[in-house]
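Going by UniProt numbering, 43 is the number at position 43 of the sequence shown; the sequence numbering is gapless.
Don't be surprised by glycine CBs; every beta carbon is placed ideally from N, CA and C.
All values derive from a computational prediction rather than experimental measurement.
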Amino acid sequence: MAESTTQQTLVGWDKPDLDLSKADWRSSSQGTGDVQIAFVEGFIAMRNGGRPGSPSLIFSPAEWRAFVLNARDGEFDLT
């Protein structure tokens, strides 16, 4: 079976295709494998510092605020 070359559009995806090649990545720790963030063109990008070539998550400012507030409230804590 031949592979499809058509591009899929993600429903509800309203994020721009940001150029992250010159982003100023910031880290909360000195270790490898940590989470890094960068502020680019009014959006917040998050990536795995141990695998910087892997895909980054892109947040709008409102999404980032909700993420941070929920993290502070323990929403993502392991139980």
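DSSP three-state call for residue 17: helix, strand or coil?
coil
Is it true that the CB of residue 40 sits closer than 8 angstroms to the CB of residue 20?
yes
Taking 6 angstroms as the limit between beta carbons, can you name the residues of its chain near residue 27, skipping five residues before and five after?
34, 36 and 49
Start and end of the alpha helix (DSSP H) containing residue 69?
61–72
Residues bridged to residue 26 by DSSP?
37
Where does residue 76 sit, in a helix, a strand or coil, going by DSSP?
coil
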